[in-house]
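Just below is one structure, and these are the notes that go with it.
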Amino acid sequence: MGLEKILTKELSFSYGNRDILTDINAVIKEGEITVLLGVNGSGKSTLLKTISRLLPAKKGSIYLDGQDITNESNRNIAKKMAMLSQINETLDMTVYELVEQGRFPHAGALKMLRKQDHQAIHNALERTSLLHLQHHYLNELSGGERQRAWLALALAQETEVLLLDEPTTFMDVHHQINILNLITSLNREEGKTIVMVLHDINQALAYADRAIVLKDGRIYNSGPPLKIITPEMLLEVFQIKANIITDPDSHHTVYVPYSVI
Amino acid sequence: MRHLFLSKEWRLYVILVISILAIGIATMLFGKTSISLSELLLIFKGDEASPIVEQIVMQLRLPRYIIAVLAGSMLGLAGVILQSITKNPLVEPSIIGVTSGCVLAAILAITIAPSFLTTSSVLPVFACVGGLIVTLLVFYMSNKAGNGGVHIALIGVLISSILQAATSFILLTRQEAMGSVLLWIIGSLNGRVWIHVYIILPFAFIGITLGLLSASLTNGLRLGDTQASLLGLSVTKTRLLLLGLSAVLTAGAVSVVGAIGFIGLIGPHLAKRFVGEDARKSFPLSILISALILSGSDFVAQNLIVALPIPSFNQEPQLPAGAITALLGAPFFLYVLHKHVVKRGI
Ligand SMILES: Nc1ncnc2c1ncn2[C@@H]1O[C@H](COP(=O)(O)OP(=O)(O)OP(=O)(O)O)[C@@H](O)[C@H]1O
Ligand SMILES: [Mg+2]
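Just so you know, the sequences run in chain order A and B.
Note that the numbering used here has the first sequence beginning at 0, numbered continuously upward.
Note that the numbering used here has the second sequence beginning at 32, numbered continuously upward.
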């Protein structure tokens with residue numbers, strides 16, 4: 000732990016002449032869960048898309064394992080980083096067919112799936128509790144089940160890094176905790192480096208090793224969640240008044256909002 | 032137990048191959064002259080058979096059947112590829128303008144040098160070049176317009192209508208070429224011989240091989256542009272490659288058999304109904320179904336005219352296969368349209 004897995008240096012991005020990200024110097028440490036926080040439109044999804052190279056950086060560079068990947072080919076990146084997008088279409092295919100595509104970067108365009116590919120697909124389906132739904136069509140699934148199917152696609156890629164944009168949206172509390180526990184175990188047991196966007200401050204407090212707070216496309220602050228999730232930050236970034244409380248018995252820290260300004 | 036035998040798609044493949052071969056045998060046996068099975072066996076064993084029978088089978092019926100199978104396969108594959116990349120089940124190969132390009136080029140060639148009408152092996156080459164040029168134009172324009180997947184169909188239809196108007200204009204001023212050109216526009220296998228097999232063969236071989244190999248790329252595109260690029264697929268390049276491939280397949284087929292319609296619509300639709308959207312299954316199945324439909328239609332066309340001699344048809348004593356596919360295809364198209372519209376709730 001402690002090694003820098005992903006680094007961005009002076010990373011900027013804009014749509015036309017509207018700056019969305021400005022001089023982002025983000026540090027993602029290997030084997031950690033990093034949570035991105037910020038209000039709607041602060042640039043969280045854009046930052047993930049720029050790191051995954053879905054969007055081209057306007058300025059600055061991105062390093063993965065110390066290597067500049069700003070101009071690396073998509074296929075090579077896809078072997079090392081998988082991303083779950085915030086919005087996914089409903090497609091006319093089965094869960095299995097979708098998850099199978101996760102092997103694309105490994106199997107190559109023309110090659111058949113090999114034994115290890117089928118194994119990876121099976122594992123991904125199993126970990127997301129989708130084995131019983133694998134032959135169902137995506138449009139027959141509930142929103143939460145579909146979200147798990149897209150997560151399974153990312154898992155099937157078997158990458159060291161997972162970029163997850165709001166992995167728990169559409170899910171009931173049970174499945175939210177399930178997914179967050181799954182993400183934790185991928186991190187603790189398989190050493191995957193995880194960067195995810197969460198809107199629930201309490202979940203960030205409970206699951207993050209490190210948090211990065213974005214405000215207007217810039218990094219407002221970053222560090223261990225207990226250090227940077229403070230009443231002042233919540234006031235300045237989210238415009239809410241809240242207290243941070245630690246439960247004396249379980250030692251869990253939660254935030255309790257009480258008013259909006 | 033069932034798993035010990037073939038999977039669903041392999042059973043379909045086997046049934047279809049057997050049916051295509053059965054049509055082949057029937058094509059050899061029946062027609063204006065009936066040939067007995069024992070005579071046919073003699074020919075294929077290389078033994079002495081009556082020269083006229085050997086002539087009919089080896090020089091007329093066999094090449095014609097081979098062309099029907101190849102052209103059907105090519106149109107079926109072109110159709111399924113185009114339907115996948117445009118995400119539109121109503122698209123058929125002529126939509127990208129390649130067919131009308133072929134027709135116009137052929138007619139221009141006939142107008143400039145009427146001798147081409149008789150040297151029928153040169154005509155397909157002209158047609159093919161014309162079809163590919165028009166496709167390039169359509170690519171270029173739809174790329175300028177943005178999203179290649181959606182606009183390509185619109186621009187293709189537009190260009191096709193302009194070219195068809197030009198074709199009609201030339202035909203009106205050159206009445207004498209009308210008859211044979213019309214037959215070619217409907218699409219027919221009449222008078223197709225070995226030289227035509229040699230013309231279509233390279234297109235079929237290259238197009239079908241590359242088409243089958245690109246099935247997983249097509250599956251990647253089905254994820255949508257964002258996810259496909261996340262998996263390392265270069266979306267624009269892949270789409271262009273697939274469009275080019277379907278243009279080559281269509282141009283090769285159309286230049287030899289003419290603008291046979293609806294094959295590239297019916298084949299893919301039936302294939303997807305059996306095996307779903309997975310390109311690795313729907314591509315080969317669409318090829319086989321379309322080959323069966325065209326060779327079957329041509330068999331029916333050839334034999335129907337024997338059963339029902341139409342008096343005014345004495346100049347061209349055979350029904351064009353394109354008429355049969357249109358007869359099957361037009362109602363089918365309406366059916367698919369209806370289903371599609373109902374499904375979308377429009
Ligand atoms: N395709 C686009 N074209 C122009 N502007 C865009 C586009 N996509 C996003 N933006 C703008 O970029 C800004 C950042 O968007 P982004 O999606 O990164 O926000 P976010 O932090 O993920 O928000 P949310 O919490 O709502 O998901 C927003 O102001 C948005 O309006
Ligand atoms: Mg977002």
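We put the CB at the ideal spot given by N, CA and C, even for glycine.
Please read these numbers as outputs of a predicted model, since none were measured by experiment.
In DSSP terms, what residue i is bridged to
i, result
"Ser219 of chain B", "Paired residue(s): none; Ser219 of chain B is not in a bridge."
"Tyr95 of chain A", "According to DSSP, Tyr95 of chain A bridges with nothing at all."
"Thr252 of chain A", "A:Thr245"
"Ile27 of chain A", "A:Ile5"
"Val212 of chain B", "According to DSSP, Val212 of chain B bridges with nothing at all."
"Arg42 of chain B", "DSSP lists no partner for Arg42 of chain B."
"Ile211 of chain A", "A:Leu35 and A:Ser221"
"Ile164 of chain B", "DSSP, once it has assigned bridges, lists no residue as partnering Ile164 of chain B."
"Asp164 of chain A", "A:Val196"
Test: residue i CB closer than 9 Å to a CB of chain B
i, result
"Arg74 of chain A", "yes"
"Pro166 of chain A", "no"
"Gln146 of chain A", "no"
"Leu152 of chain A", "yes"
"Pro55 of chain A", "no"
"Lys4 of chain A", "no"
"Thr127 of chain A", "no"
"Asp64 of chain A", "no"
"Pro269 of chain A", "No statement about residue 269 of chain A is possible, as the shown extent of chain A runs from 0 to 260 and does not include it."
"Gln156 of chain A", "yes"
"Asp91 of chain A", "yes"
"Ser51 of chain A", "yes"
"Ser44 of chain A", "no"
"Pro104 of chain A", "yes"
"Glu139 of chain A", "no"
"Ala81 of chain A", "yes"
"Asn220 of chain A", "no"
"Ala25 of chain A", "no"
Contacts of residue i in chain D (Cβ-Cβ under 7 Å)
i, result
"Asn250 of chain B", "Structure shown: chain D not included; protein chains present are A and B."
Neighbour flag for residue i against chain A, beta carbons, 9 Å
i, result
"Cys265 of chain B", "Going by the sequence as given, residue 265 of chain B is Ser instead of Cys. Yes, its Cβ sits closer than 9 Å to a Cβ of chain A."
"Arg270 of chain B", "no"
"Gly255 of chain B", "yes"
"Ile307 of chain B", "One point to set straight first is that residue 307 of chain B is Gly, not Ile, in the sequence displayed. Judged by the 9 Å Cβ criterion, Gly307 of chain B is in contact with chain A."
"Gln258 of chain B", "yes"
"Ser247 of chain B", "yes"
"Leu71 of chain B", "no"
"Leu276 of chain B", "no"
"Leu316 of chain B", "no"
"Leu261 of chain B", "yes"
Nearest-angstrom Cβ-Cβ length linking residue i and residue j, presumed shorter than 8 Å
i, j, result
"Ala235 of chain B", "Ser104 of chain B", "7 Å"
"Pro166 of chain A", "Met195 of chain A", "6 Å"
"Ile193 of chain A", "Val212 of chain A", "17 Å between Cβ atoms; not a contact."
Residue i (DSSP reduced to helix, strand or coil)
i, result
"Thr158 of chain A", "coil"
"Arg74 of chain A", "helix"
"Asp22 of chain A", "strand"
"Arg217 of chain A", "strand"
"Gln192 of chain A", "The identity of residue 192 of chain A in the sequence shown is Thr, whereas the question assumes Gln. Three-state DSSP puts Thr192 of chain A in a strand."
"Ser60 of chain A", "strand"
"Arg52 of chain A", "coil"
"Phe12 of chain A", "strand"
"Val172 of chain A", "helix"
"Ile228 of chain A", "coil"
"Ser343 of chain B", "Low confidence applies here, because Ser343 of chain B scores a pLDDT of 49, under 50, leaving its location unreliable; read the following figure in that light. The answer is helix: DSSP assigns Ser343 of chain B an H, G or I state."
"Gln133 of chain A", "coil"
"Leu204 of chain A", "helix"
"Val122 of chain B", "coil"
"Met82 of chain A", "strand"
"Ser41 of chain A", "coil"
"Leu350 of chain B", "coil"
"Arg92 of chain B", "helix"
"Phe364 of chain B", "helix"
"Tyr257 of chain A", "strand"
"Gln66 of chain A", "strand"
"Asp116 of chain A", "helix"
(message) Any contact between the region 243-261 of chain B and the region 182-197 of chain B? By contact I mean 3 or more CB pairs, one from each, below 8 Å.
(response) no
For the pair the region 243-255 of chain B and the region 286-306 of chain B, tell me if three or more CB-CB distances fall below 8 Å. no
Query raised in the report: Is the region 184-191 of chain A touching the region 167-174 of chain A in the sense that three or more CB pairs, one from each, lie closer than 8 Å?
Result: no
Exercise. Would you call the region 214-233 of chain B and the region 90-102 of chain B in contact, with 3 or more CB pairs under 8 Å?
Worked result: yes
Worksheet item: Within the chosen definition, does the region 53-71 of chain A reach the region 234-241 of chain A through at least 3 CB pairs nearer than 8 Å?
Response: no
Would you call the region 115-122 of chain A and the region 201-209 of chain A in contact, with 3 or more CB pairs under 8 Å?
-> no
Are there three or more Cβ pairs, one per stretch, closer than 8 Å when the region 86-102 of chain A is compared with the region 141-160 of chain A? yes
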